[in-house]
Each structure stands twice: as structure tokens, then as C-alpha cells.
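In the numbering used here, the protein residues as written are 45 to 141. C-beta: ideal position from N, C-alpha, C; glycine also. What follows is one structure encoded as C-alpha cells, with my remarks underneath.
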């Protein structure tokens, strides 16, 4: 709600209520998707209901990125042998930027 008051030719604005809306996105190209579930990173993996801190991205030293839950499921599979699902190198997490 905004109130306007006129004082000798000038207008004073008083904001009485503010409904802010936040928007965020991961610092990755807009069309980049998880190499496991094929869902965009701004979306959620099949485990999560909402994107954000509960569904972070994991970046590998090999420059491949995945939803955390997708990567955990992949690495827990015996057949993964601890390898990146994209390039088959031993998966190691990249240092945080």
C-alpha cells in the first residue's frame, strides 16, 4: 500500500507495506541440465519438491555438474565404480568457487 501526500507542490510518498519476492538461480548456463536426470539445474531432481539449498549442485573436477541427490544415487550404485557418469573419470568434487 502506498500513501501519497502533497505538500506545497511536492509529493511525499510513504510505503506502508512491501511484499518482496525473491528470485535466484544457479550460476550455470540457462540450458545446462543434470547429466543424470536431464532436468535443468534451476528445477529439482526427482528426490526434491523445491529447488534451492536442499538440492544443491555438485561440480566435479572433470567440469561435469549434477544435482546432489542424483549423484549420490549414482555413486551408491555398485556398477558406477565411483566414476563420473558423463566422462567415466574417477569422480572428485571440484573446490568451491
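Which class does residue 130 belong to by DSSP, given the choice of helix, strand or coil? In the chain shown, residue 130 corresponds to position 86, counting from 1. Residue 130: coil per DSSP, three-state reduction.
Excluding the 5 residues preceding and the 5 following residue 84 in the sequence, name in chain order all residues of the same chain whose CB lies nearer than 6 Å to its CB. Reading the chain shown from its first residue, position 40 is the one you call residue 84. Excluding sequence neighbours, residue 84 sits near 77.
If the criterion is Cβ atoms closer than 7 Å, does the pair residue 90 and residue 99 meet it? For the purposes of this step, residue 90 is taken as the residue at position 46 of the chain shown. For the purposes of this step, residue 99 is taken as the residue at position 55 of the chain shown. Contact flag unset, no.
With burial defined as no fewer than 16 other Cβ atoms inside 10 Å of the residue's Cβ, what is the status of residue 123: buried or exposed? Within the chain shown, the letter at position 79 stands for residue 123. Within 10 angstroms of the beta-carbon of residue 123 lie fewer than 16 other beta-carbons, which makes it exposed.
For residue 111, name the three-state secondary structure that DSSP assigns. As a position in the chain shown, residue 111 is number 67, starting the count at 1. Looking at residue 111 - three-state DSSP - the assignment turns out to be strand.
Drop a sphere of 10 angstroms on the beta-carbon of residue 125, count the other beta-carbons inside from all chains shown, and report buried for 16 or more, exposed for fewer. Position 81 of the chain shown holds residue 125. Around the C-beta of residue 125, fewer than 16 other C-beta atoms lie within 10 Å, and the residue is accordingly described as exposed.
Alpha carbon to alpha carbon, what distance is there between residue 110 and residue 87? Indexing the chain shown from 1 puts residue 87 at position 43. Indexing the chain shown from 1 puts residue 110 at position 66. Cα to Cα, the separation comes out at about 12 Å.
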